[in-house]
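Novice:
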Amino acid sequence: MNDLYKKQVSNALVSWFEEEKRDLPWRKTKDPYKIWVSEVMLQQTKVDTVIPYYERFLTKYPSLESLANAEEEELLKEWEGLGYYSRARNLQAGVKEVIEEYHGVVPSTRKEISTLKGVGPYTAGAVLSIAYGVPEHAVDGNVMRVLSRLLLIKEDIAKPKSKKIFEEAVMELIDEENPSSLNQGLMELGALICTPTKPKCLLCPVREFCTAFFEGMQEELPIKTSNKKTKLHKMKAVVIETKDGKILLEKRPSKGLLASMWQFPMVELPTTSHTIEELIEHDYQIRIEKGKEIITFKHIFSHLTWEMESYEARLKDDMELPINCKWFTREEIVNQPMPVPVLKIWNAWKERNL
DNA sequence: AACGCGGGGGA
DNA sequence: TCCCCAGCGTT
1 MNDLYKKQVS NALVSWFEEE KRDLPWRKTK DPYKIWVSEV MLQQTKVDTV
51 IPYYERFLTK YPSLESLANA EEEELLKEWE GLGYYSRARN LQAGVKEVIE
101 EYHGVVPSTR KEISTLKGVG PYTAGAVLSI AYGVPEHAVD GNVMRVLSRL
151 LLIKEDIAKP KSKKIFEEAV MELIDEENPS SLNQGLMELG ALICTPTKPK
201 CLLCPVREFC TAFFEGMQEE LPIKTSNKKT KLHKMKAVVI ETKDGKILLE
251 KRPSKGLLAS MWQFPMVELP TTSHTIEELI EHDYQIRIEK GKEIITFKHI
301 FSHLTWEMES YEARLKDDME LPINCKWFTR EEIVNQPMPV PVLKIWNAWK
351 ERNL
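With the working numbering, the residue at position 31 of the first sequence is 31, and numbering never jumps.
Okay, here's the thing in structure tokens:
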């Protein structure tokens, strides 16, 4: 890249961004805490999904201190449905570190901000450039796609080490005057114009500088390998209610999928022909009688599928429960953060029992 | 370097 | 219906 090319590209990109940028809630502020919250929510999550969560979250936790002092249960309730719940736990841990180690001021160097829980190379660069105007790269999947086309970079973006090439490219392009708009411009271009399939090249502000467009290769880039196999887990869940209206929930293990979240008692169906009643009795040490079916659905995670056949059941007699199980009243259940598949069952059960 | 982590949207 | 998306922490 020669100096003229760099200047032309960054100028075109920054001007386009300033002119065409979407009106998003986190673009009304430069508060590093709020930018941080938005960037964490935007990891692996689409803009349209994030907007309502972002608004509610900042109404409830408008400052570092309010989030640091929040109960984890309440915090996760705000996060309910967003997924990747460790993001919320790491965000709170990071916020606590800022208060304890940095007198409540989000650090403004890559070295320091990167030590915070949940802040990796991308989030560090995003907060630094957007909130503080520091000329740092913020390379996410969008940026890699845009740059691979613009500069005809044929490196496999699935490989961790190829990210360095894109970070170096951003550091060459970065506008010392406005690193915020350059970084956001790259991401906005990836979201609106330079999309994964069918890029809208005719509307692109940097088309005349785009090597892939010149070569007619924009649909072929970026190069991305990797294909993970997924495993199928068939699960069944049951809503068990006592005569005095208590409902049984089970707390998931503190590590792994949906860590520490509450769910209805669930069993993985083995190939043998046991009934769910027998399996529940074996796993939970209680006897139930089969009631009416509530809801059947399939929920697909990246690596497993929950086939939910859930039904309402009555208790026959009480025995010793496993320690990770607890009886809840309806009111208590409402305050528990629950993942989407569990919420589906809960909502279906409530509807039946209005 | 490879894997696990949710949920929504598009092919 | 299935496949894809994609930063960060852990291993």
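Where is the CB? At the ideal position from N, CA and C, for every residue including glycine.
#1: Let me make sure I understand the geometry here. Which of Ala12, Met1, Leu269 and Glu277 has the alpha-carbon closest to that of Leu189?
#2: Report yes if the C-beta distance between Leu128 and Arg110 is below 8 angstroms; otherwise report no.
#3: Report the CB separation of Val239 from Ala313 in whole angstroms; it is logged as a contact under 8 angstroms.
#4: With distance defined between alpha-carbon atoms, name the residue in Met235, Arg149 and Asn183 nearest to Cys201.
#5: Here's a check: name, in chain order, each residue in its chain whose Cβ is nearer than 7 angstroms to the Cβ of Val119, leaving out the five neighbours to either side.
#6: Rounded to whole angstroms, what is the Cα-Cα separation between Val98 and Pro107?
#7: Just mark Gly185 as buried or exposed, buried being the case when its beta carbon has 16 or more other beta carbons within 10 Å.
#8: By alpha-carbon positions, which one of Thr329, Asn335, Ile288 and Trp306 ends up nearest to Met319?
#9: With which residues is Ser310 paired in a DSSP beta bridge?
#10: Closer than 8 angstroms is the cut-off here; do at least three beta carbon pairs connect the stretch 163 to 171 with the stretch 239 to 257?
#11: In three-state terms, what does DSSP make of Val267?
#12: Look at Tyr311 and Lys344 and say whether their C-beta atoms are less than 8 angstroms apart.
#13: Pick helix, strand or coil for Asp317, following the three-state DSSP scheme.
#14: Please go through the same chain and pick out, in chain order, the residues whose beta-carbon is closer than 6 angstroms to the beta-carbon of Pro339, but skip the five residues on each side of it.
#15: Determine the direct distance from the alpha carbon of Glu250 to that of Asn324, and round the result to whole angstroms.
#16: Considering Cα atoms alone, identify which of Trp306, Val50 and Asp317 is closest to Ile286.
#17: Express the C-alpha separation of Lys159 and Trp346 in angstroms, rounding to a whole number.
#18: Going by Cα to Cα distance, which pick from Leu152, Thr296, Asn227 and Asn183 is closest to Gly216?
#19: Return yes when the Cβ of Lys6 is within less than 8 angstroms of the Cβ of Leu173, no when it is not.
#20: Could you spell out the range, first to last residue, of the alpha helix (DSSP H) harbouring Trp327?
#21: If we ignore side chains and look at the alpha-carbon of each, how far apart do Arg89 and Lys198 end up?
#22: Which ranges would you report for the alpha helix (DSSP H) in the stretch 67 to 147 if only whole runs of at least 4 residues count?
#23: What's the C-alpha gap between Lys96 and Thr59?
#24: With distance defined between alpha-carbon atoms, name the residue in Ser254, Lys236, Thr305 and Ile294 nearest to Thr275.
#25: Apart from the five residues just before and just after Tyr84, which ones in its own chain have a Cβ nearer than 7 angstroms to its Cβ?
#26: Please report the distance separating the alpha-carbon of Lys298 from that of Pro341.
#27: With DSSP run on the structure shown, which of helix, strand or coil describes Thr29?
#28: DSSP three-state label for Ala237, please.
#29: Contact defined as beta carbons within less than 8 angstroms: I believe Glu73 pairs with Pro253. What is the distance between those atoms, to the nearest angstrom?
#30: Report yes if the CB atom of Ile300 is closer than 8 angstroms to the CB atom of Ala348, and no otherwise.
#31: Could you check the C-alpha separation between Asn183 and Met308 for me, to the nearest Å?
#32: Classify Phe57 as buried or exposed, calling it buried when 16 or more other Cβ atoms lie within 10 Å of its own Cβ.
#33: Keeping to the same chain, check which residues put their C-beta closer than 8 angstroms to that of Glu55; ignore five residues upstream and five downstream.
#34: Unbroken alpha helix (DSSP H) runs of length 4 or more, entirely within the stretch 160 to 190: which are they?
#35: Using beta-carbon positions only, say whether Pro265 and Ile280 come within less than 8 angstroms of one another.
#36: Looking at the structure shown, is Lys34 part of a helix, part of a strand, or coil, going by DSSP?
Specialist: Taking the definition as stated:
#1: Ala12
#2: yes
#3: 7 angstroms
#4: Arg149
#5: Gly94 and Ile113
#6: 8 angstroms
#7: buried
#8: Ile288
#9: Ile295
#10: no
#11: strand
#12: no
#13: strand
#14: Leu258 and Met261
#15: 6 angstroms
#16: Asp317
#17: 41 angstroms
#18: Leu152
#19: yes
#20: Segment Cys325 to Phe328 is the beta strand (DSSP E) holding Trp327; no alpha helix (DSSP H) there.
#21: 37 angstroms
#22: 72 to 79, 86 to 101, 110 to 113 and 121 to 132
#23: 19 angstroms
#24: Lys236
#25: Gln44
#26: 9 angstroms
#27: coil
#28: strand
#29: With 8 angstroms as the limit, Glu73 and Pro253 do not qualify as a contact, their Cβ atoms being about 17 angstroms apart.
#30: no
#31: 43 angstroms
#32: buried
#33: Pro25
#34: 163 to 173
#35: yes
#36: helix
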